[in-house]
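Trainee: Listed in order, the protein sequences are those of chains A and B. Count along the first sequence from 1, then add 2; that gives the number in our numbering. Count along the second sequence from 1, then add 1140; that gives the number in our numbering.
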Amino acid sequence: MLNRPATETQITHFQRIWLYMLVALVFAFLIIPCLIVIPMSFSGSKYLEFPPRSWSLQWYGAYLGSSEWRAATFVSLRAALLTTVFATTFGTLAAYGISRAYGAASSLARGVFMLPMLVPLILVAIGCFFVYAKIGLNGTTTGLVMAHTVLALPFVVIAVLSGLASYDMNQERVAQSLGASRPWAFLTVTLPQIRLSVMSGALFAFVTSFDEVVIALFISGGQNATLTRLMFANIRDQIDPTVAAISSLLIGLSMILLVGSHLLRGREDRK
Amino acid sequence: MPGRVEIRNIKKAYGSFLALDDVSLDIAPGEFLTLLGPSGSGKTTLLNVLAGFVRPDSGSITIDGAEFLLLPPHKRNLGMVFQNYALFPHMSVRRNVGYPLRLRGVSGAELDRRVEEALGLVQMAHLADRGVNALSGGQRQRVALARAIVFEPSILLMDEPLSALDKKLREHMQLELKRLHDRLGTTTVYVTHDQREALTLSDRIAVVNGGKIVQLGTPDEIYDRPKNKFVADFIGETRFLPVETSTSGALLYGRPLRTRDDWKDGDSDKPWLVIRPERLRWKGDETETANRIEAEATDVIYQGDSYLITVRMPDGIELDLRRGPDLGGKDLPERGQPIQLWLDREHTILVADKS
Chain A
3 MLNRPATETQ
13 ITHFQRIWLY
23 MLVALVFAFL
33 IIPCLIVIPM
43 SFSGSKYLEF
53 PPRSWSLQWY
63 GAYLGSSEWR
73 AATFVSLRAA
83 LLTTVFATTF
93 GTLAAYGISR
103 AYGAASSLAR
113 GVFMLPMLVP
123 LILVAIGCFF
133 VYAKIGLNGT
143 TTGLVMAHTV
153 LALPFVVIAV
163 LSGLASYDMN
173 QERVAQSLGA
183 SRPWAFLTVT
193 LPQIRLSVMS
203 GALFAFVTSF
213 DEVVIALFIS
223 GGQNATLTRL
233 MFANIRDQID
243 PTVAAISSLL
253 IGLSMILLVG
263 SHLLRGREDR
273 K
Chain B
1141 MPGRVEIRNI
1151 KKAYGSFLAL
1161 DDVSLDIAPG
1171 EFLTLLGPSG
1181 SGKTTLLNVL
1191 AGFVRPDSGS
1201 ITIDGAEFLL
1211 LPPHKRNLGM
1221 VFQNYALFPH
1231 MSVRRNVGYP
1241 LRLRGVSGAE
1251 LDRRVEEALG
1261 LVQMAHLADR
1271 GVNALSGGQR
1281 QRVALARAIV
1291 FEPSILLMDE
1301 PLSALDKKLR
1311 EHMQLELKRL
1321 HDRLGTTTVY
1331 VTHDQREALT
1341 LSDRIAVVNG
1351 GKIVQLGTPD
1361 EIYDRPKNKF
1371 VADFIGETRF
1381 LPVETSTSGA
1391 LLYGRPLRTR
1401 DDWKDGDSDK
1411 PWLVIRPERL
1421 RWKGDETETA
1431 NRIEAEATDV
1441 IYQGDSYLIT
1451 VRMPDGIELD
1461 LRRGPDLGGK
1471 DLPERGQPIQ
1481 LWLDREHTIL
1491 VADKS
């Protein structure tokens, strides 16, 4: 059955087996680097190695017990939460504006908001570094949040634009005619209907900031070093499996957030 | 009675396109006024100017004597109904209708009472707790209507509210709208491109074309005394025949034409005779030569409720005429037969291409 086509034009699974193998290979490349770190984090030895010769939870303990790691985690969480707030607010407003505007202005604005996704990250990082050096924002939470907000904006704009695409703007007009000011009409009529897209954009913003390392390497440091920056330094200097333990935790967190956002999007699309 | 609207010299251009070209219009309190015109005529733009969504380049609008044009939409106290209903899908029917009241600080028993009352007016009280997605098109439009009247707006604006409904429901809703208007007496501005709907509903009709009001009048004035060819053509199933003018009067294919109004010199030397098929007389006195049309029947088609009869004029122009079966089959013309039709003087109207 696998070998025989049911019709003349049908390609059998057997004839397509090379395609399945290619897909499997791609999947493997995508997933294995993520998965390899997890067993490494349970290593009983002092160095990063794969496969580990013995097992323990000591590196999770090392992470949670270290004030330096905890401080960096706090810095990262604070930056990610602030980034989420700013990127979601500005991104939603931008998407609203883009969806209401016509013609060249609208497509130009759309293009500009996508730029951070297209420009190589290292260029953004170097640019930030030199500008921040002039205005004294290097090593500050403000500077970090500003840079991360820029990076996260395209994700929010894309998510909210897709939500607004199926939204009927006449509803907002009707709300205005019924006595709601424009901001109030947006808050009570538009926002509740695109809230899942906004939330999905917010999740992306959070992950963007929390996982970001290049910009953090350039502009965060000292007391305001992020978790990712500290991990990088740790790999360079010590190479102990604490990094693997943190990575495993981050993978878990990212998975939860991304799966959550995916579920949210699915719900919105189905409406 | 409040609700007097005075629109003065409203102009609005989009680039080089004049959407509204110096429009002035008075709407009496309690009047049902329809803006009737083809798409792109400017009727919806005018409605949006009234609603505050389009700011005109110049002009003024007063409502009950107060300048209105600079008020933002939410301070105009207008009820608005859209073609696609624009109900809020994240709210129940009750919350939709209560939305304008809550914005006005109405709450508790008073809110409930007024929502019930408005839903009662549109026969939707029994579905108050449904979600709006569970409603049919007609029900949605009733809810939209209840939401637009519940706060007793000074004016009700409707933008083709029935055009998404099927024909039967549309005609039923027209009657309901008319009754509701009789009962509430709210000044209503209604936009439609459906001439029959305009005739059915309106106290007065403003026929809009090219950003201008080309004729303003009661439905019978608009239908029976069209000012120009555009109005005559837009309202009713109208056919036109070319008329010659001479010193002795108008001539149709060489026969004298006694018209209701004298054709004034200077209007145009090439007027058109307005033919409303239902105004034609199929029987007449053979000796009556004035206002007689001689033609040849080219097709006679039975269509159930009527016959569609195509006739060819001496100059080759063909007219499709509809004729009820009231006279039975015996007087029906046959294909290729000459036929004679008469037009009474009061129905003999000449129009120019432009007025």
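All C-beta atoms, glycine included, are put in the ideal place defined by N, C-alpha and C.
Give the interface partners of VAL176(A) over in chain B, defined as CB-CB distance under 7 Å, in chain order.
Mentor: Start at 1 with the first residue of the first sequence, and residue 176(A) comes out as number 174. Within 7 Å Cβ-Cβ: MET1220, PHE1222, ALA1226.
Trainee: What is the DSSP secondary structure of THR1438(B), reduced to helix, strand or coil?
Mentor: In the second sequence, the residue the question calls residue 1438(B) occupies position 298. DSSP places THR1438(B) in strand when its eight states are reduced to three.
Trainee: Could you give the DSSP three-state label for LYS1352(B): helix, strand or coil?
Mentor: Taking the first residue of the second sequence as position 1, residue 1352(B) is located at position 212. Three-state result, LYS1352(B): strand.
Trainee: Out of HIS1214(B), LYS1215(B), ASP1299(B), SER1294(B), point me to the one whose CA is closest to PRO1169(B)'s CA.
Mentor: The count along the second sequence starts at 1 and reaches residue 1169(B) at position 29. That would be SER1294(B), whose Cα lies nearest to the Cα of PRO1169(B).
Trainee: Kindly indicate the opening and closing residues of the beta strand (DSSP E) around ARG1148(B).
Mentor: By 1-based counting over the second sequence, the position of residue 1148(B) is 8. Start and end: 1145 to 1154.
Trainee: Since TYR104(A) is in the alpha helix (DSSP H), which residue starts that stretch and which ends it?
Mentor: For the purposes of this step, residue 104(A) is identified with residue 102 of the first sequence, where counting begins at 1. It is not in any alpha helix (DSSP H) - TYR104(A) carries neither H nor E in the DSSP assignment.
Trainee: Buried or exposed for ASP1299(B), going by 16 or more other Cβ atoms inside 10 Å?
Mentor: Residue 1299(B) sits at position 159 when you count from the first residue of the second sequence. ASP1299(B) should be labelled buried.
Trainee: Is the CB of TYR1330(B) under 9 Å away from at least one CB in chain A?
Mentor: Your numbering for residue 1330(B) matches position 190 in the second sequence. Judged by the 9 Å Cβ criterion, TYR1330(B) is not in contact with chain A.
Trainee: Report the three-state DSSP secondary structure of TYR169(A) (helix, strand or coil).
Mentor: Position 167 of the first sequence, counted from the first residue, corresponds to residue 169(A). Three-state DSSP puts TYR169(A) in coil, outside helix and strand.
Trainee: Using a Cβ-Cβ cutoff of less than 6 Å, which residues in the same chain neighbour LEU193(A) once the five nearest sequence positions on both sides are dropped?
Mentor: Working through the first sequence from its first residue, we reach residue 193(A) at position 191. In the same chain as LEU193(A), and ignoring 5 residues on each side of it, no C-beta atom comes closer than 6 Å to its own.
Trainee: What residues from chain D crowd round PHE1193(B), counting only those whose CB sits closer than 7 Å?
Mentor: Of the protein chains in this structure, namely A and B, none is chain D.
Trainee: Could you tell me which chain A residues have their CB closer than 9 Å to the CB of ARG1287(B), listed as they occur along the chain?
Mentor: Mapped onto the second sequence, residue 1287(B) falls at position 147. For the C-beta of ARG1287(B), the chain A residues within less than 9 Å are, from N- to C-terminus, VAL176, LEU180.
Trainee: What in chain B is Cβ-close to VAL191(A), meaning under 7 Å?
Mentor: Locating residue 191(A) in the first sequence gives position 189, where the first residue counts as 1. By Cβ distance, chain B contributes PHE1228.
Trainee: Using a Cβ-Cβ cutoff of 9 Å, what residues of the segment 5 to 29 of chain A are near chain B? List them in chain order.
Mentor: none
Trainee: Taking only the alpha-carbon atoms, compute the straight-line gap between LEU1490(B) and VAL1383(B) and give it to the nearest angstrom.
Mentor: To locate residue 1490(B), count along the second sequence from 1; it is residue 350. To locate residue 1383(B), count along the second sequence from 1; it is residue 243. Rounded to whole angstroms, LEU1490(B) to VAL1383(B) spans 8 Å at the Cα level.
Trainee: Within the same chain, show all residues whose beta-carbon is closer than 7 Å to that of GLU1171(B), passing over the 5 residues directly before and after it, in chain order.
Mentor: On the second sequence, position 31 is the one that residue 1171(B) refers to. Result list for GLU1171(B): THR1327, ASP1343, ARG1344, in chain order.
Trainee: Could you tell me which chain B residues have their CB closer than 8 Å to the CB of SER183(A), listed as they occur along the chain?
Mentor: Sequence index remark: in the first sequence, residue 183(A) carries index 181 (1-based). Ordered by position in chain B, the residues that pass the 8 Å Cβ test against SER183(A) are PRO1212, HIS1214.
Trainee: For PRO1240(B), return the contacting residues in chain A, with the cut-off set at a CB-CB distance below 7 Å.
Mentor: Position 100 of the second sequence holds residue 1240(B). Residues of chain A passing the Cβ test: LEU180, GLY181.
Trainee: Using the Cα positions of GLY1143(B) and THR210(A), report the straight-line distance between them to the nearest angstrom.
Mentor: Along the second sequence, one-based indexing puts residue 1143(B) at 3. Along the first sequence, one-based indexing puts residue 210(A) at 208. Their Cα atoms are separated by approximately 56 Å.
Trainee: Where do the N-terminal and C-terminal ends of the alpha helix (DSSP H) with LEU1497(B) fall, by residue?
Mentor: This structure cannot settle anything about residue 1497(B), because the visible part of chain B is limited to 1141 through 1495.
Trainee: In chain order, what residues of the same chain have a beta carbon less than 6 Å from the beta carbon of GLY1469(B), not counting five sequence neighbours either side?
Mentor: Counting from 1 along the second sequence, the entry for residue 1469(B) is found at position 329. Note that GLY1469(B) scores 49 on pLDDT, short of 50, meaning its location in the model is unreliable; the coordinates nonetheless yield the value given after this. Hits under 6 Å: none found.
Trainee: Using the C-alpha atoms, what's the distance from ASP239(A) back to THR230(A)?
Mentor: Taking the first sequence and counting its residues from 1, the one referred to as residue 230(A) is at position 228. Taking the first sequence and counting its residues from 1, the one referred to as residue 239(A) is at position 237. The alpha-carbon atoms of THR230(A) and ASP239(A) are separated by roughly 14 Å.
Trainee: Taking C-beta pairs closer than 7 Å, name the residues in chain A that LEU1243(B) reaches, listed in chain order.
Mentor: To locate residue 1243(B), count along the second sequence from 1; it is residue 103. Going along chain A in sequence order, the residues near LEU1243(B) (Cβ under 7 Å) are LEU180, GLY181, ALA182.
Trainee: With a threshold of 16 other CB atoms inside 10 Å of the CB of SER179(A), please say whether the residue is buried or exposed.
Mentor: Taking the first residue of the first sequence as position 1, residue 179(A) is located at position 177. SER179(A) is buried by the Cβ-count criterion.
Trainee: Quick check on THR11(A): does DSSP put it in helix, strand or coil?
Mentor: Taking the first sequence and counting its residues from 1, the one referred to as residue 11(A) is at position 9. DSSP places THR11(A) in coil when its eight states are reduced to three.
Trainee: Does the beta carbon of ASN1217(B) come closer than 9 Å to any beta carbon on chain A?
Mentor: Residue numbering aside, residue 1217(B) sits at position 77 when the second sequence is read from its first letter. So yes, ASN1217(B) belongs to the interface.
Trainee: Under 8 Å: do the segment 141 to 159 of chain A and the segment 243 to 258 of chain A share three or more Cβ pairs, one atom per stretch?
Mentor: no
Trainee: Could you check which residue in ARG1323(B), ILE1289(B), ASP1401(B) has the C-alpha nearest to that of GLU1256(B)?
Mentor: Working through the second sequence from its first residue, we reach residue 1256(B) at position 116. Comparing Cα-Cα distances from GLU1256(B) to each of ARG1323(B), ILE1289(B), ASP1401(B), the minimum goes to ILE1289(B).
Trainee: Return yes when the Cβ of LEU219(A) is within less than 9 Å of the Cβ of ALA74(A), no when it is not.
Mentor: Taking the first sequence and counting its residues from 1, one reaches residue 74(A) at position 72. Taking the first sequence and counting its residues from 1, one reaches residue 219(A) at position 217. Their beta carbons are not under 9 Å apart, which means ALA74(A) does not touch LEU219(A) by this criterion.
Trainee: What separation, rounded to the nearest whole angstrom, lies between the Cα atoms of LEU1356(B) and MET119(A)?
Mentor: Position 216 of the second sequence, counted from the first residue, corresponds to residue 1356(B). Position 117 of the first sequence, counted from the first residue, corresponds to residue 119(A). The alpha-carbon atoms of LEU1356(B) and MET119(A) are separated by roughly 57 Å.
Trainee: Just verifying my parser: in three-state terms, what is the DSSP assignment at GLY20(A)?
Mentor: Sequence index remark: in the first sequence, residue 20(A) carries index 18 (1-based). Looking at the sequence shown, residue 20(A) is not Gly but Trp. Looking at TRP20(A) - three-state DSSP - the assignment turns out to be helix.
Trainee: Excluding sequence positions up to five away, which residues of its chain have a Cβ less than 7 Å from the Cβ of GLY262(A)?
Mentor: As a first step, residue 262(A) must be located in the first sequence, where it is residue number 260. Closer than 7 Å at Cβ, skipping near neighbours: LEU205.
Trainee: For SER250(A), name the three-state secondary structure that DSSP assigns.
Mentor: Translated into positions along the first sequence, residue 250(A) becomes position 248. It is helical.
Trainee: So that I know if they touch, is there some Cβ in chain B lying closer than 9 Å to that of ALA187(A)?
Mentor: Within the first sequence, residue 187(A) is the residue found at index 185, counting from 1. Closer than 9 Å: yes.
Trainee: Check whether the segment 1267 to 1274 of chain B touches the segment 1200 to 1220 of chain B, taking contact to mean three or more Cβ pairs, one atom from each stretch, closer than 8 Å.
Mentor: no
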